[in-house]
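S.K.: Here it is, the structure in full.
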Amino acid sequence: MTVSMQGQEAGSIQRMPIVESGKIWEEMLAREFSHHRQGIARINNGSFGSCPRSVLEAQQRWHRQWLEQPDEFYFGPLEKGLRASREAIASIIRAPDVEEIVLVDNVTTAAAMIAQDMAWGFLEKRFHPGDAILMLNCSYAAVKKCFEAYAVRAGARIIEVELALPILSARQIIDSFQRSLEQAAKSSTTIRLAVIDHITSMPSVVLPARDLVALCRDAGVEQIFVDGAHAIGNIELSMEEIDADYYSSNLHKWLFAPHSVAFLHAKAKHLERLHHPVVSHNFKLGLFSECSWVGTRDYSSQLAVTAAVEFIDGNLGGLSSLIAFNHRGAMAMAEMLAAAWGTQCGTCAELASSMAMVELPAKLEVASEEAALEMRTRLRREFGVEVPICFQAGGSPSANSKSMRSGTAYARVSHQIYNKLEDYTRLRDAVKSLAR
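See below:
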């Protein structure tokens, strides 16, 4: 059977078919994901991704090549392999200059580089105490702590943009940013950096990054960092269109790369100021040199990026096909769950990706972050379901009642090619049994 999938934004994704059944398809999935533990409904690809067997084998070949003759590897294949990975990424993210791309372990590392530069801005008196960093209230905790550890300690303060489910349109998000920018202007606060999540983690929402970057630039924000941790392989990307100063995304989440590898794209004018947080021999030799050698370690995950791209092209009809397939699957399963539970999805389809938020029944009585973690653990241990649960505090109307609650719990469901309908029906039935 061949199915045509619908993309996230009008005109952003070509409608390309992907084969989702048949002997060849099933054999490929069985071969590539045989390392998955049996009996688990694994609907949390968003947290850690899953690397196919053929890509893991490519990574192992790189690692063996290093072990066979590390001196020779260091002076030749390593740099050439890293260059090939960067070129592959540049093509995917539509970046005109590969020299503006470096490889790092994860987005948190990239955030640390930018936060470190912000701290030096205060120490060198380019910034002044009280100058601000604008970011979401639900920005990823590790990224937020990077800026707290470096920039806030040096004199910055953080202004948070409030974002709460349900979100029915991109306009809601833009208006929230606009209000925060206007409040900063009224208080004569200088915003040195805006941190914009392209896809927030918990809750998961696709933000209109290009519009928000333009909005921040119009408001006089000096620099903009887009945290695209969940983006590459999940939504279509164009560095030229987004036009952020910095953009970073993990390749091990949705691009099938091994753990762990991410890219940082930085405009050329910023490259001289950025440094890898682990200082090694290549300090001050350029950001690429610093990132390509941070001491003796295993670089095989970064070298296997091209194998991940080859897996997508060779088995899935290309990245656009994969993105559309997973978006359609995530929304179909989210809508099925919401209907079964008598609740609602956390966002409209246009603001979902390969992840979607589904409100949990109030009868589960998940009324805190601690209770959300307990529910997640219970679903794993008692029902063999792996799915993140988050709690959003604040009064909100329930889906099937006009009464107000102190907060709402949501499940974040991911969809990847290895998922089957039974994974989601297991979650559906587990929640219904617990909500009786």
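In the working numbering, the protein residues as written are 31 to 466. Every residue, glycine too, gets a C-beta built ideally from N, C-alpha and C. Remember, predicted model here, so these are calculated numbers, not experimental data.
1) Name the residue from 70, 343, 76 and 249 whose alpha carbon lies nearest to the alpha carbon of residue 444.
2) Using the three-state DSSP reduction, which class does residue 295 fall into: helix, strand or coil?
3) Should the segment 248-260 be regarded as contacting the segment 225-233, the criterion being three or more beta carbon pairs within less than 8 Å?
4) Over what stretch of residues does the beta strand (DSSP E) that includes residue 254 continue unbroken?
5) Tell me which residues share the same chain as residue 222 and place their Cβ nearer than 8 Å to its Cβ, disregarding the 5 neighbours each side in the sequence.
6) Comparing alpha-carbon positions, which option in 62, 132, 210 and 126 lies nearest residue 167?
7) My understanding is that residue 188 touches residue 238, with C-beta atoms under 8 Å, so please give their C-beta distance in whole angstroms.
8) Going by CA-CA distance only, name the one from 265, 437 and 464 that's closest to residue 412.
9) If you measure between the beta carbons of residue 341 and residue 80, is that distance less than 7 Å?
10) Find the nearest neighbour of residue 417 within the set 212, 233, 104 and 122, judged by alpha-carbon distance.
11) Just checking my contact of residue 353 with residue 265 at CB under 8 Å: how many whole Å lie between their CB atoms?
12) Please name the residue in 236, 73 and 124 whose C-alpha comes closest to that of residue 449.
13) Report yes or no: do the segment 84-103 and the segment 329-341 share at least 3 C-beta pairs separated by less than 8 Å?
14) Do the CB positions of residue 460 and residue 415 come within less than 7 Å of each other?
15) Taking all protein chains shown into account, decide if residue 62 is buried (16 or more other Cβ within 10 angstroms of its Cβ) or exposed.
16) Would you call the CB atoms of residue 105 and residue 95 closer than 7 Å?
17) How is residue 176 classed by DSSP in three states: helix, strand or coil?
18) List the residues that DSSP assigns as beta-bridge partners of residue 189.
19) Specify, as a first and last residue, the run of the beta strand (DSSP E) that residue 73 falls within.
20) Just to confirm, are residue 386 and residue 361 a CB contact at a threshold of 7 Å?
21) Can you have a look at residue 430 and say buried or exposed, based on whether 16 or more other CB atoms are within 10 angstroms of its CB?
22) By how many angstroms is the C-alpha of residue 137 removed from the C-alpha of residue 303?
23) Per DSSP, which one or two residues make a beta bridge with residue 377?
24) Suppose the cutoff is 7 Å on Cβ atoms and the five residues either side in sequence are ignored; what does the same chain contact list for residue 375 look like?
25) CB-CB under 8 Å to residue 127, same chain, minus the five flanking residues each way: which ones, in chain order?
26) Give the secondary structure of residue 41 by DSSP, where H, G and I count as helix, E and B as strand, and everything else as coil.
27) Please determine, among 71, 117, 101 and 327, the residue with the shortest C-alpha to C-alpha distance to residue 451.
28) Hey, out of 447, 219, 329 and 313, whose CA is closest to residue 249's CA?
29) DSSP beta-bridge partners for residue 420?
30) Who are the near neighbours of residue 274 in its chain, counting only those whose CB is closer than 6 Å to its CB and skipping five residues on each side?
M.R.: So, from the listed chains and residues:
1) Comparing C-alpha distances from residue 444 to each of 70, 343, 76 and 249 shows the shortest one belongs to 76.
2) In this structure, residue 295 counts as strand in the three-state DSSP scheme.
3) By the criterion of at least three beta-carbon pairs nearer than 8 Å, the segment 248-260 is in contact with the segment 225-233.
4) 253-257 is the span of the beta strand (DSSP E), which, as asked, contains residue 254.
5) Counting only Cβ-Cβ distances below 8 Å, and skipping sequence neighbours, we find 148, 151, 157, 161, 162, 163, 186, 251, 252 and 253.
6) Ranking the options by Cα distance to residue 167, first place goes to 210.
7) With a contact defined as Cβ atoms closer than 8 Å, residue 188 and residue 238 miss out at about 22 Å.
8) Residue 412 has its Cα closest to that of 464, out of 265, 437 and 464.
9) Taking 7 Å as the Cβ cut-off, residue 341 and residue 80 do not qualify as a contacting pair.
10) The candidate whose alpha carbon is nearest that of residue 417 is 233.
11) So it is a contact: roughly 6 Å between Cβ atoms.
12) Cα-wise, what sits closest to residue 449 is 73.
13) Enough Cβ pairs lie closer than 8 Å, so yes.
14) Cβ atoms of residue 460 and residue 415: closer than 7 Å.
15) When all chains shown are included, residue 62 counts as buried.
16) Not a contact, by the Cβ cut-off of 7 Å.
17) Here residue 176 sits in helix by DSSP.
18) According to the DSSP secondary-structure assignment, residue 189 is paired through a beta bridge with 164.
19) Counting along the chain, residue 73 falls outside any beta strand (DSSP E), and DSSP gives it neither H nor E.
20) In terms of Cβ geometry, residue 386 and residue 361 form a close pair [threshold 7 Å].
21) With a pLDDT of 49 at residue 430, under the threshold of 50, the modelled position of this residue cannot be trusted; read the value that follows with caution. It counts as exposed.
22) Our two residues, residue 303 and residue 137, have alpha carbons roughly 18 Å apart in a direct line.
23) Beta-bridge partners assigned by DSSP to residue 377: 197.
24) 364, 365, 368, 386, 387 and 388.
25) Answer for residue 127: 120 and 298, listed in chain order.
26) Interpretation of residue 41 is limited by its pLDDT of 31, a score under 50 that renders its predicted location unreliable; no figure is taken from the coordinates.
27) That would be 71, whose Cα lies nearest to the Cα of residue 451.
28) Closest option to residue 249, Cα to Cα, is 219.
29) According to DSSP, which records beta bridges pairwise, residue 420 is partnered with 440.
30) Taken in chain order, the residues that qualify are 243, 254 and 256.
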